[in-house]
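Take a look at the structure below.
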Amino acid sequence: MVDFAQFDTRGYPTVDVRTGYAAWVGSYENTVEDLMDLDVLASLTTPAWADVDRAADLACGTGRTGAWLRAQGVHAVDGVDLTPEMLAVARSRGNHARLVEGDLAATGLDADAYPLVITSLVDEHLPSLQPLYREAFRLATPGGLFVLVGLHPQFIMAAGMPTHFTAADGSELAITTHVHLVSDHVTAGLAAGWQLAEMRERVVDDVWVAKKPKWERFRGQPVSAAYVWRKP
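Sequential numbering of the sequence shown, starting at 7, is according to this note's numbering.
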């Protein structure tokens, strides 16, 4: 892991994950672009989404990923999140069979029970990747997949921009952000017993610049990445 502080160009006041997402919940759905995560998931060729009978949606948040999975034909999705306010929104959407307030490192979900474990836009908040990869491995069935999609470390470093949101009073607040290199993911995944099956990197392109014209200066930079791991 690389210390984000050496790249930070914003200097926003920073809050912890639970505090930040509780305050962000009202505007979260209008802030996060599908290009960042859902479009990257759609580009993957390894997961046969419609064949998955049960998935564990870790850091499920407001239920964006769960809704997308159900739309792809995943039969049932169980969600886990640290923030009660986010879980309340996910619950109102009705796409999860079960929702649990809990930590990603110790979800309390059944072991060897999920053909698919997935997490989106969370790894930059974790001080270490190993607990997440170990817990995902515990949850997955033999032959099951772990799909992780998140901000690309190169983009976090190039932009110097933490995960942040506009608070109710109009101020900008950052949520604790860490930089995990691609090699950190590979090391943590292999150490947990996973086999890497697929990886995709999404760069800032015409579509992104149309959404965010100020990102023209980042054109060609990878902005998000997805890893697909298989449990032997």
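Even for Gly, the Cβ is constructed at its ideal location relative to N, Cα and C.
Are there 16 or more other CB atoms within 10 angstroms of the CB of V234, so buried, or fewer, so exposed?
For the purposes of this step, residue 234 is identified with residue 228 of the sequence shown, where counting begins at 1. Result: buried.
Per DSSP, the bridge partner or partners of Y34
On the sequence shown, residue 34 is found 28 positions in, with the first residue counted as 1. Bridge partners of Y34: none, in fact.
Quick one, are the C-beta atoms of D129 and R104 less than 8 Å apart?
Taking the first residue of the sequence shown as position 1, residue 129 is located at position 123. Taking the first residue of the sequence shown as position 1, residue 104 is located at position 98. No, these two residues do not count as a Cβ contact at 8 Å.
Decide if V213 is buried, meaning its Cβ has at least 16 other Cβ atoms within 10 Å, or exposed.
Against the sequence shown, residue 213 aligns to sequence position 207. Exposed, since its Cβ has fewer than 16 Cβ neighbours within 10 Å.
CA-to-CA distance, Y139 to N101, given in whole angstroms:
As a first step, residue 101 must be located in the sequence shown, where it is residue number 95. As a first step, residue 139 must be located in the sequence shown, where it is residue number 133. Roughly 25 Å between the two C-alpha positions.
Going along the chain, which residues of its own chain have a beta-carbon closer than 7 Å to the beta-carbon of G1, five neighbours each way excluded?
Absent from the model: residue 1. The displayed extent of the chain is 7 to 238, so no value can be given.
What residue range is occupied by the uninterrupted beta strand (DSSP E) comprising M205?
Position 199 of the sequence shown, counted from the start, is the residue given in the question as residue 205. It spans Q201 to V209 - the beta strand (DSSP E) in which M205 sits, taken as one unbroken run.
Tell me the DSSP bridge mates of T125?
Residue 125 sits at position 119 when you count from the first residue of the sequence shown. According to DSSP, which records beta bridges pairwise, T125 is partnered with L64 and L154.
When DSSP labels each residue in this structure, what does A173 get in the three-state scheme?
On the sequence shown, position 167 is the one that residue 173 refers to. Coil.
Evaluate A94 with the Cβ neighbour count: other Cβ atoms within 10 Å of its Cβ, from every protein chain shown; 16 or more gives buried, anything less gives exposed.
Here residue 94 refers to the residue found at position 88 when the sequence shown is read from its first residue. Per the 10 Å Cβ criterion, exposed.
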